[in-house]
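> Numbering (mature numbering (1 follows the signal peptide of the UniProt record, and there is no 0)), first residue to last: -29 to -1, 1 to 276. Positions of the beta carbon are idealized from the N, C-alpha and C atoms, including for glycine. Nothing here was measured: the structure is a model prediction, and the numbers come from that model. Please see the structure below; I have some questions.
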């Protein structure tokens, strides 16, 4: 408070002086009553030297009447004094409030700040350790999103071989990619040329480029090749929940405990999209094929996989 009050206190002092000045002005602004000398004629009965004859009654001296008029602006001055006094009081209250707010901010508990930041931080994850493994590739870093060369993606997917096909989405096919060093990824190859495809590509880059959450699929990079648009995601080794439930295993690997964990992970991802993104993101297409599982059956929500 010692640091913030000196900047605010002068306002309060000036306001107080203005307040006292108008109080003094108001005290001095009182009415002066009208007065004048008595102009009645001198009675002859008060004079014992002359008889009471009208012929001997002296006429009164001519005296100019002096009248001091009342202050006609008294009510106006009173109104001005009240208004300025109210302004002075308001300025004192305002300066006191500002000083209290500054003092409150300067004396906030650092523990609470750390706690608040720690509550927000776990909602996002950093891809720095993952992207650092791609340093051998020629790509342009744009924040946490990297631009891959088409040749590197073509090599990692074995020229987009059908054996590497993981699934088919609404706007293209997804291929398994194995990069140098054994790092795995999933490459979505969009059907290029259409306006809808271009819009989908831009939306996914903008959306996933801003989202970092343990239960949302992570975007690693993208590629522009002629009219072809490619998006690189992290690879989820166990595939989609749909594959686990309706594939050859028919859900045999999914115990009730794992299913509960998948449900909770999915709920956390949706909660992040709906409640913690600004503006909120409504998924609108949640289904088992858009819930992806890693090697430990941790679930992540995909936008369109």
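In chain order, what residues of the same chain lie with their CB nearer than 7 Å to the CB of residue 250, ignoring the 5 residues before and after it?
Taken in chain order, the list of residues that qualify is empty.
> Check for me: the alpha helix (DSSP H) holding residue 146 runs from which residue to which?
Per DSSP, residue 146 belongs to no alpha helix (DSSP H); it is in the beta strand (DSSP E), 143 to 149.
> Based on DSSP bridge pairs, tell me the residues matched to residue 155.
Partner(s): 149.
> Suppose you measure from the CA of residue 272 to the CA of residue 266; what does that come to, to the nearest Å?
Distance between the alpha carbons of residue 272 and residue 266: 15 Å.
> Based on Cα-Cα distance, which residue from 259, 46, 70 and 181 lies nearest to residue 237?
Among 259, 46, 70 and 181, the Cα nearest to that of residue 237 belongs to 259.
> Taking the alpha carbon of residue 139 as the reference point, which residue from 194, 214, 130 and 76 has its own alpha carbon closest?
The shortest C-alpha separation from residue 139 is found at 214.
> In angstroms, rounded to a whole number, what distance separates the CA positions of residue 203 and residue 178?
Answer to the nearest angstrom: the Cα atoms are 14 Å apart.
> Specify the secondary structure class of residue 197 as computed by DSSP and reduced to three states.
Residue 197: coil per DSSP, three-state reduction.
> Using the beta-carbon count (16 or more within 10 Å), is residue 174 buried or exposed?
When all chains shown are included, residue 174 counts as exposed.
> Can you tell me whether residue 76 is buried or exposed, with buried defined as 16 or more other CB within 10 angstroms of its CB?
With fewer than 16 Cβ atoms within 10 Å of its Cβ, residue 76 is classed as exposed.
> Put residue 160 into one of helix, strand or coil per three-state DSSP.
Of the three classes helix, strand and coil, the one that applies to residue 160 here is strand, per DSSP.
> Rounded to the nearest angstrom, what separates residue 232 and residue 254 at their Cα positions?
Distance between the alpha carbons of residue 232 and residue 254 is about 20 Å.
> May I ask you to verify whether the stretch 193 to 212 touches the stretch 153 to 162, counting CB pairs closer than 8 Å and requiring at least 3?
As far as the Cβ criterion goes, the stretch 193 to 212 touches the stretch 153 to 162, which means the pair count is three or higher.
> Would a C-beta distance cut-off of 8 Å place residue 212 and residue 264 closer than the cut-off?
Against a cut-off of 8 Å, the Cβ pair of residue 264 and residue 212 comes out as a contact.
> For a quick check, are the C-beta atoms of residue 145 and residue 190 less than 8 Å apart?
No. Outside cutoff.
> Judging by CA-CA distance, which residue of 220, 185, 224 and 134 is the nearest neighbour of residue 269?
Residue 269 has its Cα closest to that of 185, out of 220, 185, 224 and 134.
> In its own chain, which residues sit with a C-beta less than 8 Å from the C-beta of residue 127, not counting the 5 before and 5 after it?
Correct list, in chain order: 148, 149, 150, 156 and 158.
> In terms of residue numbering, what span does the alpha helix (DSSP H) encompassing residue 240 cover?
Taken as a continuous stretch (DSSP letters only), the alpha helix (DSSP H) holding residue 240 covers 227 to 242.
> Along the beta strand (DSSP E) that carries residue 264, what are the first and last residues, could you check?
Start and end: 262 to 264.
> Specify the secondary structure class of residue 271 as computed by DSSP and reduced to three states.
Here residue 271 sits in strand by DSSP.
> If you drop the 5 nearest sequence neighbours on each side, which residues of the same chain put their C-beta closer than 6 Å to that of residue 172?
If we look at residue 172 and ignore the five residues flanking it on each side, its Cβ neighbours are 161 and 200.
> Thinking just about the alpha-carbon of each residue, which of 274, 61, 125 and 49 is nearest to the one in residue 194?
Comparing Cα positions, the closest option is 125.
> CA-CA distance, residue 196 and residue 168?
Computed Cα separation, rounded: 14 Å.
> Determine the contact status of residue 119 and residue 180, defining contact as a CB-CB distance below 8 Å.
No.
> Buried or exposed: which applies to residue 220, given that a residue is buried once 16 or more other Cβ atoms fall within 10 Å of its Cβ?
Burial call: exposed.
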